[in-house]
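Residue numbers (our numbering): 2 to 179. Below is one structure, written out as structure tokens, with a few remarks after it.
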């Protein structure tokens, strides 16, 4: 029998950004991680988990932060062809999402921190309408905020596009292609 302390409460927070609904949910996945969230905009969902080692790594003079974005083809409804049946190495776009997230978050950690911190972001679904990189930054930030990892956040990323001579916050992919 589970006690009340063993059951994690699922919490959902919703708002609008650029006129589009945004939802952040926590408590559903990765309960052993320091912090874990699912961020959703439209039918695009990004999961992020943040963990930190118990002690500092000895003999290093840098902050060991690892930021990985995993892009699975099933998230966009595609299955690899016959030769490339497995997902393989990260795509260039996945590497860029990892890098932009790292560059956004790294300056907000304590300068003398030597504990290993790992951030994993995974696209659960991608509707080909909303940009995943901005949702990834927000998901990583939210996961850090609910964890016990020392960090001076939060942050969020938005994309601004010029559509019909008007600035639009988080335009859709089709809007940016026009």
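Positions of the beta carbon are idealized from the N, C-alpha and C atoms, including for glycine. Here the structure is a predicted model, which means the values were calculated and not measured.
Problem set entry | Option in 115, 96, 131, 14 with minimal Cα separation from residue 54 | 115
For this session: Report the rounded CA-to-CA distance for residue 133 versus residue 162, giving the unit in angstroms.
Result: 15 Å
Exercise. For residue 150, is the classification buried or exposed, using 16 other Cβ atoms within 10 angstroms of its Cβ as the cut-off for buried?
Worked result: buried
Exercise. Buried or exposed: residue 51, going by 16 or more other Cβ atoms within 10 Å of its Cβ?
Worked result: buried
Exercise. When the Cα of residue 131 is compared with those of 41, 173, 92, which residue comes out closest?
Worked result: 173
Problem set entry | Reduced DSSP secondary structure (H/G/I, E/B, other) of residue 103 | Helix at residue 103.
Problem set entry | Closest Cα partner of residue 139 within the set 64, 117, 40 | Residue 40 is the option with its Cα nearest to residue 139.
Exercise. For residue 37 versus residue 157, is the C-beta distance shorter than 8 Å?
Worked result: no
Exercise. Is residue 171 closer than 8 Å to residue 18 when the C-beta atoms are compared?
Worked result: For residue 18 and residue 171, yes; Cβs fall inside 8 Å.
Problem set entry | Host alpha helix (DSSP H) of residue 30 (start-end) | Neither: residue 30 is in no alpha helix (DSSP H) and is coded neither H nor E.
Exercise. In angstroms, rounded to a whole number, what distance separates the CA positions of residue 35 and residue 122?
Worked result: Looking at the two C-alpha atoms, the distance is approximately 14 Å.
Exercise. What residues in its chain sit with their C-beta under 6 Å from that of residue 160, if we drop five residues either side in the sequence?
Worked result: Contacts found: 132, 135, 171.
For this session: Would you verify that the beta carbon of residue 51 is, or is not, closer than 8 Å to some beta carbon of chain D?
Result: Of the protein chains in this structure there is only one, and it is not chain D.
Problem set entry | Close beta carbons around residue 16, own chain, < 6 Å, minus the five adjacent residues each side | Around residue 16: 23.
Exercise. Relative to the C-alpha of residue 97, which residue among 69, 118, 113 is closest?
Worked result: 69
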